[in-house]
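Read through the structure below, which is laid out as structure tokens, and then see the notes.
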Amino acid sequence: VDHLNLIAISKLCQCFNIDVKHPRIFTGPEDTLFGFSVLQHEADGEKSMLVGAPWDGPPNNRKGDVYKCIVGEEKNSNCSKVNLGERNKKNKNLLSLKIFTSRACAPLWSQECGTSMFSTGICASVRDDLEPRETIAPTAQRCSTYMDIVIVLDGSNSIYPWYEVQNFLSNILSKFHISSDQMQVGILQYGEVAVHEWSLKDYQTTQEVVEAAKNISRQEGRETRTAYAIHTACTEAFSVERGAREGATKVMIVVTDGESHDGEELPDALEECNNRNITRYAIAVLGHYIRRQQDPETFINEIKYIASDPDEKYFFNVTDEAALNDIVDALGDRIFTLEGTLGYNESSFHMEMSQIGFSTHKLDDGILFGMVGAYDWDGGVLKEGTSGRIIPPREAFESEFPLELKNHAAYLGYTVSSVVVGDWKRLYVAGAPRFKHKGKAILFELSNEGDVNIVQALNGEQIGSYYGSEVCVLDIDQDGITDVLLVAAPMYLGSGNKEAGKVYIYTLSREVFVSNGTLKSEEKAQDARFGYAMAAAPDLNHDGFADLLVGAPLEDEHRGAIYVYHGDSIYIIHNYKQRIPGLSISPSLQYFGRSVNARLDLDGDELIDLAVGALGSAVLLSSRSIVQINVTLSFQPHSINVIQKTCQRGGRESACLNATACFTTISRSPGPYNLWVSAMLDDRKLSARALFDDSSHRQTQLALQVHTGQTLCYKLPFHVYDTADYIRPISFSLQFKINNTESGPVLNEGWPTTIKKSIPFFKDCGEDDVCTTDLVLQAHMDISGTRYKCDIILRFQSKLSRIRLPLSCEPYVIRSPRRRLAVEVQLQNRLENAYNTSLMLHYSRNLHFSSLSIREDAHFKIECTALGANSHSCNVSYPVFRSQSKVCPCSITLLTGPAHTSFPLGKMCHLSRLFSLSTG
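Counting in UniProt numbering, the sequence shown runs from 1 upward without gaps.
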């Protein structure tokens, strides 16, 4: 019976189909952190890799930028700066810029408000040609210092000395943060008439207005027409024509030293100010009254009337012009806190430090943002989509992030994603790596009204591990339902107290993710930060299942490495299929694996490529084509007939066979593929060698070139002579592999690379192919010249037997000078063929084997071999003792010892000791 066995390689190579011998390495300035993020990109047929450089720019203005690296025919090419920050003027301070699909984000984008810098973050939506479309800054707020301020300054004769007023103006203006997105200041001086010294739009820096204030001269005038000046300021100074901005807080500061001459007009002027929402600070300078020793009560009441309520906040009085400088700080602080109840020096923040864009996740109906710095760095999320902007309040996550842990800095939103479970229900995912120092990841529902329902919480196990800093979602069988959720803890301390890192696996079970162990990585005590970056890859090995990339940028003394894991059914295989150390790419790489991305074919071979970021470098690794080779093996004839030898080789008769091996390849690329093939017979000890036709060895090698879908057959003839073992079939094995192991295609993982087939010997034993023999043995001895017979007859039927003769003869003593003892033997096979038949001869040490002779007309052969001093083994008619054979007559001569020796024959020649018979 023929047996065909495909033998799979048990120990697979730890390298697979990612080509590490021919990388494309793009370099940029290290001090810009080039390689911080990478993204594969294609637009208008042009394929490129986008690389983030968050510290790009001069040392005093590191805005950050994106570089575009074209993937062309050249192995390495230069990268050009996109100048995203320059083309979108609203983007500034792009520090920590990250690249996402169709957008670039700067979570540390900051705006200056007063003396504070608020990192609200910003994203820029870009077209395929990388031109900015719009700025996305959902948490950006106008500074509370977004104000239009008009100083209404009394310049009548009674103001003295004027330089003290100039000093006051310079001091108070130096506290203002003059810019287009903060404060603007205009000055109107009055006495009998009102004059615009400068308008709101005239100066855009603090230095400019301070210098302008030094050049203001006193207008003079005998009257103080305060009502007129206030009305002019409300209607003219705050006009759009003079630079007033929509949405800016309007503030008026009135500085005067005496009662107005048009006091009856004050109610109308103030009503006009109220209608225009102008807040008024009023300062009464009492120097003129004190110098004349007059009662200022009426004057003070008028100034309080001018000031907004309450008086304690908006009214000031000073003893003289010099004392104006004493209220500069108090006036400035009250103006800066005008827009809220909290000052900038207080610690409670909502969205001011949200750092939006630190993480983003694209949804079908919008974008989910992580707000790692929101709510005093407790963190949060924000959804911007077709249903509007949804910002859950801090209390929405209270069940998992208790409010009593305020200022605990959980960093919720450090990473965000989403999963699809059950009946196509979408759950959002957010990581909080600092929660209780161990980290947490939550899965939650989010309604259009901002209501949050936390469905599941996953908790870290080790302090400081940063569990939840990175998550990755896998739909392995690509049916639209999430199969695996991976949560990384890149700072997890392993053996040797090193930051080895760990990635936890959670598989979906009835809409809940259950723990399913961890990913396996390099097992040695080293800093690795395994899991610092993760990315799903759409089927790298062409088996129909999604795969996974994991970065470990600190491995190998900060050179870095990435790991490739394969999906199977709805699971991720825990053991990595390929580890790619940065050292294997280039000895100069550092932090290789700090960012990863795999979603496009960039080199044009229709295979997914890998983009990997490093310090100052970005690497593109190509996938290699995977070949599945189907092999069939057949023989003609189907068995080896050693009875009827039909071939000759080297002057000797042999049995010849033709082995035909056919190779068919299946692959996504057309080929051709160079195969190395080795064919080999089994390694049994043959009495005559089994040979290939081209050499005297049992092994041959050949090279084949096969195209996809093509079947190529090759014949291997070989010869078999007589052998000592016709029971076991001869084993024929064929091994094959792809010849170009560095850059060409690779065999499908787990696919068998060895095929074995057993070729049986032809037995001629009927339909059941089982030989049943009927062996008959007769023997007698000729002693002292007489026909002294001690006949022995043995019959047995067996496939494999070894039987000693049970009979004995009478004892006989041989005396000198007779020294010969003849034993005549007849052996007959009356049924089917007997293979490996042997006759064993056993005799005492007093006798010596002399010879064995066969009758001349017999068509048999017997070959005897000494097994020791007192036994021989005789092969009977090898290779086959044929069925229905004639009697095999032979005579065996034994010699006695020296002439003076004598002994009882029975002691020596007990026939039960003399013969034994075996057959295969």
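Where a beta carbon is used, it is the ideal one built from N, C-alpha and C, also for glycine.
Secondary structure of H574, DSSP reduced to three states: coil
In angstroms with no decimal places, state the Cα-to-Cα distance between V20 and I580. 7 Å
CA-CA distance, K313 and L270? 18 Å
On the three-state DSSP scale, how would you describe G517? strand
Taking the beta strand (DSSP E) that I172 belongs to, which residues open and close that run? It is not in any beta strand (DSSP E) - I172 instead sits in the alpha helix (DSSP H) that spans 162–175.
Give the straight-line distance between the Cα atoms of M680 and T708, rounded to the nearest whole angstrom. 26 Å
Quick one: residues in its chain with C-beta nearer than 6 Å to the C-beta of Y344, no 5 flanking neighbours on either side, listed in chain order? Bear in mind that a pLDDT of 36 at Y344, under 50, signals an unreliable position, so the number given afterwards is only what the model happens to contain. Contacts found: G114, S116.
Touching by the beta-carbon criterion (3+ pairs, under 8 Å), the stretch 629–642 and the stretch 588–597: no
Candidates E606, R649, N674, C662: which alpha carbon is nearest R668's? E606
How big is the Cα-Cα spacing for V429 and S417? 5 Å
Helix, strand or coil at T665 [DSSP, three-state]: strand
Which value, in whole angstroms, describes the spacing of the CA atoms of A323 and G385? 56 Å
Can we say the stretch 169–185 touches the stretch 120–134, given the rule of at least three CB pairs closer than 8 Å? no
Buried/exposed call for L691, threshold 16 Cβ in 10 Å: Any reading at L691 must be qualified, since the residue scores a pLDDT of 33, below 50, and its modelled position is unreliable; the value itself is stated next. That one is buried.
Please name the residue or residues paired with H842 in a DSSP beta bridge. S871
If you draw a straight line from the alpha carbon of G357 to that of V240, how long is it in whole angstroms? 35 Å
CA-to-CA distance, T711 to M840, given in whole angstroms: 54 Å
Write down every uninterrupted run of the alpha helix (DSSP H) in the stretch 280–306 whose length is 4 residues or greater and which is fully enclosed by it, in chain order. 287–292, 297–306
Three-state class that DSSP yields for V193 in the structure shown: coil
Our contact map puts I172 next to G332 with C-beta atoms below 8 Å; I'd like the distance itself, whole angstroms only. 7 Å
CB of A53 within 8 Å of CB of T27, strictly: no
Flag this pair as touching only if the stretch 288–303 and the stretch 255–268 have three or more C-beta atom pairs under 8 Å; answer yes or no. yes
Closer than 6 Å by C-beta to S695: which residues in its own chain qualify, once you throw out the five before and the five after it? Chain order, please. Its pLDDT being 38, under 50, S695 is placed unreliably by the model, and nothing is read from it.
Identify, in the order they occur along the chain, each residue of the same chain with its Cβ nearer than 8 Å to the Cβ of G243, setting aside the five sequence neighbours on each side. D148, Q184, G186, S199, L200, K201, D202
In angstroms with no decimal places, state the Cα-to-Cα distance between C234 and I151. 11 Å
For E197, count neighbouring C-beta atoms within 10 Å of its own C-beta (all shown protein chains included) and say buried if the count is 16 or more, exposed if not. buried
Counting along the chain, where does the beta strand (DSSP E) carrying T224 start and finish? T224 -> no beta strand (DSSP E), and no H or E assigned at all.
So what's N274 in DSSP terms, helix, strand or just coil? helix
State the DSSP-derived secondary structure class of Q355, mapped to helix, strand or coil. coil
Which residue wins for smallest C-alpha separation from E223, given the options E192, Q204, H231? E192
Could you check the C-alpha separation between Q648 and V880 for me, to the nearest Å? 20 Å
Buried or exposed (CB count within 10 angstroms, at least 16 for buried), T120: buried
When you compare only the Cα positions, how much space is there between N541 and I626? 7 Å
I'd like the span of the alpha helix (DSSP H) that includes R334, first residue to last. 328–336
Tell me, please, whether the stretch 612–630 touches the stretch 642–660 by the rule of three or more beta-carbon pairs shorter than 8 Å. no
Pick from W55, H574, G480, L549 that is closest to E30, judged by C-alpha positions: W55
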